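Going down the list, the protein sequences come from chains A and B.
My numbering puts the first sequence at residues 98 to 343.
My numbering puts the second sequence at residues 498 to 963.
A virtual CB, placed ideally from N, CA and C, is assigned to each residue, including glycine.
Since the model is a prediction, treat every value here as computed from it, not as a measurement.
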Amino acid sequence: MKIGLFVPCYVDQFYPKVAIATYELLQKLGCDVSFPMKQTCCGQPMANSGYEHLSKDCDANFIANFAEFDYVVSPSGSCTLHVKDHLHDEKNEQLALQIRKRVYELTEFITDILKIEKIEGNFPHRVGLHQSCHGQRMLHLSQMSELNAPFFSKPEQLLSGIKGLELVSLSKKDECCGFGGTFCVTEEAISAKMGQDRVKDHENQHVEYITGYDMSCLMHLEGTLKRQKSPIKIIHIAEILNGMKN
Amino acid sequence: METKIIEHSKAAEIFIKDEKRTDWHNETLWFVREKRDKAAFQIADWELLRETASQIKNNVLSNMHQYLIDFETNAKNNGIIVHWAANADEHNKIVHSIMEKHGVTQMVKSKSMLTEECHLNEYLTEKGIDVIDSDLGERIVQLRKEAPSHIVLPAIHLKKADVSETFHKFLGTEKGNNDPKYLTEAARQHLRDTFLSRKIALTGVNFAIAETGEFVVCTNEGNADMGVHLADVHIACMGFEKIIPQRKHLAVFLRLLARSATGQPITTYSSHFKKPGDGKEIHLVIVDNGRSTQLGREDFRSSLKCIRCGACMNTCPVYRRSGGHSYHNAVAGPIGSILAPNLDMSKNADLPFASTLCGSCTNVCPVKIDIHVQLYKWRQKLVKEGYTPKSKTLMMKGMSAVLSNPMIFNLAGKMGRFVLDKMPGLVSNSFNPWYKQREMPAPPEESFREWYQKNSTASKDKNHEQ
């Protein structure tokens, strides 16, 4: 089983430690994983701004990099969703549709494909989990507060094996952080306010860390926390899980 | 008079300046969302109920013309006078002509978002008709010459003190008396005169039943009934999408509507109107106003399933922090943002972008409209049809060039990190909207791909370079 590691462009440039953790974690879990060097961006920034037609080159590049793999795994719900919903290939649409089916966000790949229920490790801290919307509501990584349906959570399930990790419950458990791609600059006022409100919810629970499966939302929350000179730290779920015992 | 439209992002920025008030607005609407959750989750089959409603509405959309013909036939047989209006102007003219025919210059009106959409009040006022809105929230905003900021809770943007001030100014109540009991009593007395003196009452329509030709109006205050029963002429206005096939389907929609809207099991009044009383008239105005265009748009037609519960507004993190007026459309919030561009793409090009695409709206929608998907699709359409600024298109083209080419991407990434590290002032300044209230990420020494080249198993094993 060959796994292609799909690293979102901003993670590659700004949060390499998240990609390293993902890479190492998948290796520890016994995966044959590699990073195709010519990958760039999935095209979501253009598409969500209404310029899906400008993301064709990104699509072509994505397909060229990932067509050979059995699975494509990414430490981001949002980028995974974009590929799943919008990857096209004008010359070979069938190929694009096949790749869409092979793309997985990291936590769902571990629980659903590797069938691993728990990861053991040690992280003795109070932690708030940020439910990023695309992963939650569209990839269904966890149950949504709006629905009258049984609880489940793939990320929480994985974290449940981490010793000492105390997961807090938030007052608005799955409210959007306000990042929203280009929304964060085109609707700056609302975006920043949503970030501040989200941070406050975590602060009220006295968390030491905010974690999640999408670095874009976490980058937004980190920018907000740093501006407020808050001691709360951001950590991607892959970094916590990668602390596992070998 | 046309007022200049302020774009959503700008209006939101103004709204948010009063942070305390924004917090209050946010929490007030979130409270309604939580009430909705409680009410909805008491029904074990809630999700099945939503699915059923969705399918009934899908059936309606697919057979719209037949249901409308059936409805008209049956309504006429019941003695209802049916009018058809192609657009807002025709609708307003029809309503005015009924008033002229009866020689009446005063109207009492209960809540109708359609008449807001058609700007009926302004039209009638220009013709010298005195219109009084009898829904308490609508009356408050009417006195203040404002538009409703929410389709179910029209005055939700106002606090008790604002209402007190408004009533003091227009109804002569005691200055500074914020007691809700006192204020509602004043409104009650004021409206009582209106109810007793008006010969014509206008209402909206929540559901029009094709099978029987009757229609149902849902209110909490009983103001629709009071107006209608004391008047000689009842004018009811509906967008044509209000049709449901059979009376039994009310069992689905009435259970969903109030629970989704306010968390009540049912509205206080669900009033059925079938035929006029002796010597009275019922006029029903069925309005298109862009609906058939929307019905013809494959990607957006399901927006016509909307039953106007407002749940998508209450849950929307953007709406809660920007207020209904920031959407400059009769229907605000997520649903308004997918309906408005159909009416006028140029005026409403900003609205589909006033969302993070979080998808909460879609999840609370009682008829399962895929609102966030339609927001995304409207963005594509607005861009393709040229309704976005040229500067944005240029920026996007630039981004696309950088993000799709591995070499340029690597170079740009390196430069970006270099700038952030050595010359942060170039980025971290007030011209960068991100930096206004957030710090930039700290630039790492190397990108992941640089690390990978040195440290991956493959490169270690084979000293492999690509």
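Practice task
Starting from the Cα of MET561(B), find the closest Cα among SER789(B), ALA939(B), LYS532(B) and give me that residue.
Solution key: Position 64 of the second sequence, counted from the start, is the residue given in the question as residue 561(B). Looking at the Cα atoms, SER789(B) is the closest of the given residues.
Practice task
Decide if the segment 538–556 of chain B is in contact with the segment 765–775 of chain B; the criterion is three or more beta carbon pairs, one per stretch, under 8 Å apart.
Solution key: Output reads no: the segment 765–775 of chain B does not touch the segment 538–556 of chain B.
Problem - Residue-chain proximity (ASN158(A), chain B), Cβ-Cβ < 8 Å - result: As a first step, residue 158(A) is located in the first sequence; it is residue number 61 there, counting from the start. At least one CB atom of chain B sits nearer than 8 Å to the CB of ASN158(A).
Handout entry: Contact with chain B by LEU317(A), beta-carbon distance below 8 Å
Key = Here the question's residue 317(A) lines up with position 220 in the first sequence. The residue asked about is misnamed: residue 317(A) is His in this sequence, not Leu. Output row for HIS317(A): interface = yes.
Problem - chain B within 8 Å of SER171(A), Cβ atoms only - result: The residue given as residue 171(A) occupies position 74 in the first sequence. In terms of beta-carbon proximity, SER171(A) stays away from the interface with chain B, with every pair separated by 8 Å or more.
Exercise for the section: Go through its chain and collect everything with a Cβ distance to ASN555(B)'s Cβ below 8 Å, but skip five positions before and after it. Expected result: If you number the second sequence from 1, residue 555(B) lands on position 58. Around ASN555(B): SER799, LYS802.
Practice task
Check the Cβ of THR812(B) against every Cβ in chain A and list those closer than 8 Å, keeping chain order.
Solution key: Walking along the second sequence from the start, residue 812(B) turns up at place 315. Chain A residues near THR812(B): GLU243.
Handout entry: DSSP three-state assignment for ASN811(B), whether helix, strand or coil
Key = The residue given as residue 811(B) occupies position 314 in the second sequence. Helix, per DSSP.
Exercise for the section: Pick out whichever of LYS532(B), LEU854(B), LYS881(B) has its Cα sitting closest to the Cα of LEU872(B). Expected result: As a first step, residue 872(B) must be located in the second sequence, where it is residue number 375. Of the candidates LYS532(B), LEU854(B), LYS881(B), LEU854(B) places its Cα closest to the Cα of LEU872(B).
Practice task
In the DSSP assignment, find the unbroken beta strand (DSSP E) run with GLU300(A) in it and report its ends.
Solution key: One-based indexing of the first sequence puts residue 300(A) at position 203. The continuous stretches of beta strand (DSSP E) do not include GLU300(A), which lies in the alpha helix (DSSP H) extending over residues 285–301.
Exercise for the section: Enumerate, from N- to C-terminal direction, the unbroken alpha helix (DSSP H) stretches of 4 or more residues contained entirely within the segment 739–787 of chain B. Expected result: Counting only runs of 4 or more, we get 747–758.
Practice task
On the DSSP bridge assignment, give the partners of TRP581(B) in chain order.
Solution key: For the purposes of this step, residue 581(B) is taken as the residue at position 84 of the second sequence. TRP581(B) is bridged to ILE783(B).
Problem - Contact the segment 565–578 of chain B vs the segment 663–678 of chain B: 3+ CB pairs below 8 Å - result: With the cut-off at 8 Å, the segment 565–578 of chain B and the segment 663–678 of chain B do not touch.
Handout entry: Proximity winner among MET810(B), ASN811(B), ASN786(B), relative to PRO838(B) (alpha-carbon distances)
Key = The sequence position of residue 838(B) within the second sequence is 341, counting from 1. Closest option to PRO838(B), Cα to Cα, is ASN786(B).
Practice task
Specify whether the segment 299–316 of chain A and the segment 808–825 of chain B touch according to this definition: at least 3 beta carbon pairs, one from each stretch, less than 8 Å apart.
Solution key: Result no; under three Cβ-Cβ pairs closer than 8 Å.
Problem - Inter-stretch contact (C-beta, 8 Å, three-pair minimum) for the segment 104–120 of chain A and the segment 172–183 of chain A - result: Pairwise C-beta distances place the segment 104–120 of chain A in contact with the segment 172–183 of chain A, as three or more of them are shorter than 8 Å.
Problem - Residues sharing a beta bridge with GLU613(B), DSSP - result: Looking up residue 613(B) in the second sequence gives position 116. Partner(s): none; GLU613(B) has no beta bridge.
Exercise for the section: Indicate whether at least one CB of chain B lies closer than 8 Å to the CB of TYR51(A). Expected result: The requested residue 51(A) does not occur in the structure, where chain A is confined to residues 98 to 343.
Exercise for the section: Pull up the distance between the alpha-carbon of GLU211(A) and that of LEU244(A), whole angstroms please. Expected result: The sequence position of residue 211(A) within the first sequence is 114, counting from 1. The sequence position of residue 244(A) within the first sequence is 147, counting from 1. Note that residue 211(A) corresponds to Leu in the displayed sequence, not to Glu. Straight-line Cα distance between these residues: approximately 28 Å.
Handout entry: GLU943(B) in three-state terms, based on DSSP
Key = Within the second sequence, residue 943(B) is the residue found at index 446, counting from 1. In this structure, GLU943(B) counts as coil in the three-state DSSP scheme.
Practice task
Alpha carbon to alpha carbon, how far is THR519(B) from LEU264(A)? Give it in angstroms, no decimals.
Solution key: Indexing the first sequence from 1 puts residue 264(A) at position 167. Indexing the second sequence from 1 puts residue 519(B) at position 22. Approximately 29 Å, taken between the alpha carbons.
Exercise for the section: Could you name the residues of the same chain whose beta carbon sits closer than 6 Å to that of MET98(A), not counting the 5 residues immediately before and after it, in chain order? Expected result: For the purposes of this step, residue 98(A) is taken as residue 1 along the first sequence, with counting starting at 1. Only residues of its own chain outside the window of five on either side were considered, and among them ASP167 have a CB closer than 6 Å to the CB of MET98(A), listed in chain order.
Exercise for the section: Entirely within the segment 545–601 of chain B and at least 3 residues each: give me those beta strand (DSSP E) ranges in chain order. Expected result: Counting only runs of 3 or more residues that sit fully inside the segment 545–601 of chain B, the beta strand (DSSP E) segments are 578–582, in chain order.
Exercise for the section: Mind listing the chain A neighbours of MET893(B)? Cutoff is C-beta to C-beta under 7 Å, in chain order. Expected result: Here residue 893(B) is taken as the residue at index 396 of the second sequence, counted from 1. Neighbours of MET893(B) on chain A, chain order: MET143, SER146, TYR148, LEU151.
Practice task
Report the rounded CA-to-CA distance for CYS489(B) versus THR700(B), giving the unit in angstroms.
Solution key: As displayed, chain B neither begins before 498 nor continues past 963, which places residue 489(B) out of reach and without an answer.
Handout entry: Residue range of the alpha helix (DSSP H) that includes VAL115(A)
Key = For the purposes of this step, residue 115(A) is taken as the residue at position 18 of the first sequence. VAL115(A) -> alpha helix (DSSP H) spans 113–125.
Exercise for the section: Compare the C-beta of THR681(B) against all C-beta atoms of chain A and say whether one is closer than 8 Å. Expected result: In the second sequence, the residue the question calls residue 681(B) occupies position 184. Not a single C-beta of chain A is nearer than 8 Å to the C-beta of THR681(B).
Exercise for the section: Could you name the residues of the segment 840–867 of chain B whose beta carbon sits closer than 7 Å to any beta carbon of chain A, in the order they occur along the chain? Expected result: Sequence-ordered contacts of the segment 840–867 of chain B with chain A read PHE850, ALA851, THR853, LEU854, CYS855, GLY856, SER857, ASN860, VAL861 [C-beta pairs closer than 7 Å].
Practice task
With LEU655(B) as the anchor, note down where its alpha helix (DSSP H) starts and where it stops.
Solution key: The count along the second sequence starts at 1 and reaches residue 655(B) at position 158. Looking at the DSSP string, LEU655(B) is not in any alpha helix (DSSP H), and its letter there is neither H nor E.
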